[in-house]
Structures are given as structure tokens and as C-alpha cells.
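Since the structure comes first, as C-alpha cells, the remarks are kept for the end.
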Amino acid sequence: MKINRYSVSMALCASLVGCNSHPNELRSTGGSELGAKMAAPVGEPIQAVLTQAPDVPPAITRKSPAKVVVEIEVKEVTMPISEGVNYTFWTFGGKVPGEFIRVRQGDTVEFHLQNHPDNKMPHNIDLHAVTGPGGGATSTFTAPGHQTQFTFKALNQGLYVYHCATAPVGMHIANGMYGLILVEPPEGLKPVDREYYVMQGDFYTVGKYREKGLQPFDMQKAIEENATYVLFNGSEGSMVGEKALPAKVGETIRLFVGNGGPNLVSSFHVIGEIFDKVYPEGGSHYQENVQTTLIPSGGAAIVEFRLEVPGTYIIVDHSIFRTFNKGALGMLKATGDEVTAIYSGKEVDDVYLGDKAASGSGKAVAKATAEMKSGTLTLESQIAAGEALFKGTCSTCHMETGLGVPSVFPPLAKSDFLMNDKARSIGVVLNGLSGAVTVNGTKFNSVMPPMSQLNDDEIANILTYVRNSWGNKGTAVTAAEVTAVRASSKRPPGAAE
Ligand SMILES: [Cu+2]
Numbered sequence: 000m001k002i003n004r005y006s007v008s009m010a011l012c013a014s015l016v017g018c019n020s021h022p023n024e025l026r027s028t029g030g031s032e033l034g035a036k037m038a039a040p041v042g043e044p045i046q047a048v049l050t051q052a053p054d055v056p057p058a059i060t061r062k063s064p065a066k067v068v069v070e071i072e073v074k075e076v077t078m079p080i081s082e083g084v085n086y087t088f089w090t091f092g093g094k095v096p097g098e099f100i101r102v103r104q105g106d107t108v109e110f111h112l113q114n115h116p117d118n119k120m121p122h123n124i125d126l127h128a129v130t131g132p133g134g135g136a137t138s139t140f141t142a143p144g145h146q147t148q149f150t151f152k153a154l155n156q157g158l159y160v161y162h163c164a165t166a167p168v169g170m171h172i173a174n175g176m177y178g179l180i181l182v183e184p185p186e187g188l189k190p191v192d193r194e195y196y197v198m199q200g201d202f203y204t205v206g207k208y209r210e211k212g213l214q215p216f217d218m219q220k221a222i223e224e225n226a227t228y229v230l231f232n233g234s235e236g237s238m239v240g241e242k243a244l245p246a247k248v249g250e251t252i253r254l255f256v257g258n259g260g261p262n263l264v265s266s267f268h269v270i271g272e273i274f275d276k277v278y279p280e281g282g283s284h285y286q287e288n289v290q291t292t293l294i295p296s297g298g299a300a301i302v303e304f305r306l307e308v309p310g311t312y313i314i315v316d317h318s319i320f321r322t323f324n325k326g327a328l329g330m331l332k333a334t335g336d337e338v339t340a341i342y343s344g345k346e347v348d349d350v351y352l353g354d355k356a357a358s359g360s361g362k363a364v365a366k367a368t369a370e371m372k373s374g375t376l377t378l379e380s381q382i383a384a385g386e387a388l389f390k391g392t393c394s395t396c397h398m399e400t401g402l403g404v405p406s407v408f409p410p411l412a413k414s415d416f417l418m419n420d421k422a423r424s425i426g427v428v429l430n431g432l433s434g435a436v437t438v439n440g441t442k443f444n445s446v447m448p449p450m451s452q453l454n455d456d457e458i459a460n461i462l463t464y465v466r467n468s469w470g471n472k473g474t475a476v477t478a479a480e481v482t483a484v485r486a487s488s489k490r491p492p493g494a495a496e
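Just so we're aligned, residue 0 is where the sequence shown starts under numbering that gives the first Met the number 0, counting upward by one.
Right, here's the structure in full:
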């Protein structure tokens, strides 16, 4: 029994009864509408079904209020935040976001918060669905190895964020301590074909975006709201490739979307879809035919859309650098028959996929990262990882064939300029290139922008691929060689460091 690990602590609360709301006072001041919401629970207490993203607990079919017991265990766990990058998350239930809670308006919720004995920090919970000071935070202050409980009445329907509110609050939220609680209206939500749970959050690490290894939290970046990662469901690629949200043409999809923050507001958008309905801010009224909906930090929205044509729909924060340079990219994959009367284009739009376009690209990058860590990195793994990354960055101009475009983009295939000077090629990627350049006897005079936002591993793998493809034969480029060129050359104005 997991309960045995804990002793009940009432750190800030003299007795359990004292933590509860006072039903009689509420009834006397609330009028008849509140009176109806205050109806006593019917039947035996029910253990809440909790789910981890992207899953949502089943719809509630009860016609009367119940007492619902919710038990959530806080766990501090080190998990991947991106390929080859680990982060110590603080979680409600072991994953980010926290477990999804689903209750019915008028339910009495008996909430148990357990803080795993291996944890280092005290934690608590503030549920925005709670009416009462602190949303439960003061009643649930819980030391490692302890558990607390309090009870609240779910007075208002809606989709609500919950989060940890232990000082320093921003740090607890930045480490992933948030989730969603849905309070269904008494008559329930209209049935749909599929429901999913998606929650955005911003993360702050000492290392740069995709810098490998275990990355600590960076308080200064968090204060400056300078996010290293902006993610859906707690890790880059959580809903990409094999983990894309499945769906079928003809189905209506409902997304419960939350934003844990701690800092950024989300311009939530699904590329290639129009939201038939949005319940902005998780409230009761819906707006129709919406392209992008704004989700505040500590807020939520319910979005619904019917899938008319098959294909991959990209889920983004349309504050778009977050999608391409901070990780805020998910996918929903709809299978079914083409409907060319509605859409005649390509199935998957590579333009929006970036380095996610190549199938198995994540695996190739992961393999190279693992080998690098253990000192067994092979030329083959570097080439495979580099190929995936090349497709998302360089191929737009130099083409997948490496042949470029005559008189506009020079070839990389059999390029003497590329192969004659390794350090110079590294410099071209880091610092860009402009002005006249001669490749295989042909003059080009154009501009290549600096690609210094790529990290040293990425540039090493890309150039190793480029120097060993399309008839090129060269040695590997190491991350250390890229680091050396980065240190000894100057970025042009405006380039990423
Ligand atoms: Cu906490």
C-alpha cells in the first residue's frame, strides 16, 4: 500500500474540519442557485480515474453529485526534456503535465496530496477549481514522506489549471508542477469522438537549447522570461512521429489545452485546421471558427474541430520561434480517404516539419548522442544524425541532392570550396557567407545566413554528413572542432551566439 510510506501532516492546519469550507455559511449567502450546487453527495465515495497526457479520463455519466477521492503523488524525477538532454522535473504523478482530474459540478472532492519520501522539496497544490483562499495551497503544504488532505466543493464548471504554490513558486512551476482539472457541467459535455490532454510550459536550463547532458534549472533566465524550451506535455517530441495523436477523418476532436507557464502566454494553433468551437479561458461560452486562441499562463481552453481531410496536423504555439527553435511542436495524424474537393495538396507539409520530417530522425540523433556520451561515436552514426538535421535546415537551399540551384545556391556535392578547408566550412555554417565565392569554377554572389543557433554537436554531425555524401569523401567533423571555430571567430551582428 503506497499510503504506508506517509504520515499525515497538518503543517498549517489545526484540524481537517478547520481546513474545509463552511457549508452552512455558503448556503445562507449563496441564494437558490448555490443551494442546488450544494446538494449532498449521493452514494459511496468514488476513487477518481486519473490519466497522464495525452489521455483524458472517461466522460462522467452520473446524474447526481458524488464524493470523489483524488490521490496525487508528487515525484521529483530526472527525465529527457529533449533528445539527449535530461532535466530534473518536479511532477504531480510522475510526468509533466500532472495527472488529469475529471469531476462533475457539485461534486465534493476529497483531495490527498502525497510527497514521495525520496523527494527533496516540500510541495503543495493550488487548484483553480477551488473556491477558497489559496485554492488548497495552505491546506496541502506537504514535506517529503508526508501526505495532507483537504476537501472542496466543485462549485463552478470549467477547465482549470492546478499547480504547486510552494516558495519559490516560480521555480516549482518552471520544473513542471502543473496540470488540469475539468469540472463538467451537471448535464455533461457533448460527446465527441476523441478527447486529448495537451499542456504547454516554458523551461529554463543553464545550457542552450538541445545542449546535451543533465541540465540544471536557470533562475536568472526564468526571471528574465528568456525560455530555453517551450514544450507541449513536458518534452520535445512528446507528440511527434510514432507519438503523434491518432485520429480518423470524419471524427470530431476535443483538446483540453492548458498553459502552465510559468511565464509565457500561448498563441495556440493547429496548422491546417480551423477550430469549429473554442471555449476561451476554459469558460462556459464558446466562440466559433477560430484560427488561433490565446491561452494565458495559468489558464486553459477547450478547442473542438472536425477532421475533414487526412494528413498530419501540426500543433504549435504560433509565437513561432518557440515552435522551430524551442520545441513547441506536436502532431495530430488523421487517417482516412482523400477528399480532393476540400484539399488537393501533399499529405505532409515538409515546410512545417523541419528536422522532424525525416522518418526515424529522432532515433538517429539519439543514437549519435548516446555514442558520443560513451565515447564510441562512429562515422556512420554521425552521418545518419547529420542527414536528419540537414533535411530540416540546409536542404531548403542546397537541396536534398546537395546540388543546390544553378546561379543561386552553390552545390555541396563535390564542392571544392567545402572539401578544401574544414575549418572554413565550419565557419560558413556558424557565421554565414556573403559576397563573391567560387565553387568548382562557377561564381556565386549571394547570402547565406549564419546558422549559429545550431549547437556544436548538430553542426559537427551535419558537416560530417555533407562531407561524406553525394560523392564527397572526408573525415568526420567533431564537436570540439566546431567549439574551437566558435571560440576563435566572431558572429555577425544579430546572429545567435
Ligand atoms: Cu512544488
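Every residue gets a Cβ at the ideal spot worked out from N, C-alpha and C, and that includes glycine. Being a predicted model, the structure only gives us computed values, none of them experimental.
Straight through space, the alpha carbons of Met330 and Gly297 are spaced by roughly 23 Å.
Here Pro40 is not near Ser234, since their CB atoms are 7 Å or more apart. Taking 7 Å as the cut-off, the beta carbon of His115 is found no closer than this to the beta carbon of Glu70.
When the five nearest sequence neighbours on each side are left out, the beta carbons in the same chain lying within less than 8 Å of the beta carbon of His171 are those of Trp89, Met120, His122, His162, Cys163, Ala164, Thr165, in order along the chain.
Within the stretch 275-354, the runs of alpha helix (DSSP H) at least 4 residues long that lie entirely inside it are, in chain order, 320-324. Three or more Cβ pairs closer than 8 Å define a contact, and the stretch 399-411 meets that threshold against the stretch 437-447.
Around the beta carbon of Lys325, 16 or more other beta carbons sit within 10 angstroms, so the residue counts as buried. Residue range 168-173 is occupied by the alpha helix (DSSP H) that includes His171.
Taken in chain order, the whole alpha helix (DSSP H) runs of length 4 or more contained in the stretch 379-453 are 394-397, 415-419, 421-430. Approximately 5 Å separates the beta-carbon atoms of Gln148 and His111; this is inside 8 Å, confirming the contact. Contact between the stretch 465-483 and the stretch 412-420 is established, with three or more Cβ pairs separated by less than 8 Å.
Contact between Ser283 and Asp316 does not hold, since their C-beta atoms are separated by about 25 Å, which reaches or exceeds 8 Å.
DSSP places Pro79 within a strand segment (E or B) once states are collapsed to three. Relative to ligand 1, His171 has its C-beta within less than 6 Å of a heavy atom. Placement of the Cβ of Thr90 at a distance of 6 Å or more from every heavy atom of ligand 1 is found. For the pair of segments examined, the stretch 182-201 was found to touch the stretch 252-271: the number of CB pairs separated by less than 8 Å reaches three. When DSSP states are grouped into helix, strand and coil, Val484 belongs to the helix group. Taking 6 Å as the cut-off, one finds no heavy atom of ligand 1 near enough to the beta carbon of Thr139.
Relative to the non-hydrogen atoms of ligand 1, the Cβ of Cys163 comes within a distance shorter than 6 Å of at least one. In this structure, Lys211 lies near Thr368, with their beta-carbon atoms less than 7 Å apart. Taking all protein chains shown into account, Lys62 has fewer than 16 neighbouring C-beta atoms within 10 Å of its C-beta and is therefore exposed. In this chain, Met238 is not harboured by any beta strand (DSSP E), its DSSP state being neither H nor E. With respect to the 7 Å criterion, Pro96 and Met198 are classified as neighbours on the basis of their beta carbons. Counting C-beta pairs closer than 8 Å gives fewer than three between the stretch 268-277 and the stretch 215-223, which falls short of the contact rule. For Ala478, the CB contacts under 7 Å within the same chain, skipping 5 residues up- and downstream, are Asp455, Asp456, Ala459 in chain order.
Taken from the Cβ of Met37, every heavy atom of ligand 1 lies 6 Å or farther away.
Separation of the CB atoms of Asp201 and Tyr228 is rounded to 7 Å, and the pair is thereby assigned contact status at 8 Å. Glu370 places its beta carbon less than 7 Å from that of Leu376.
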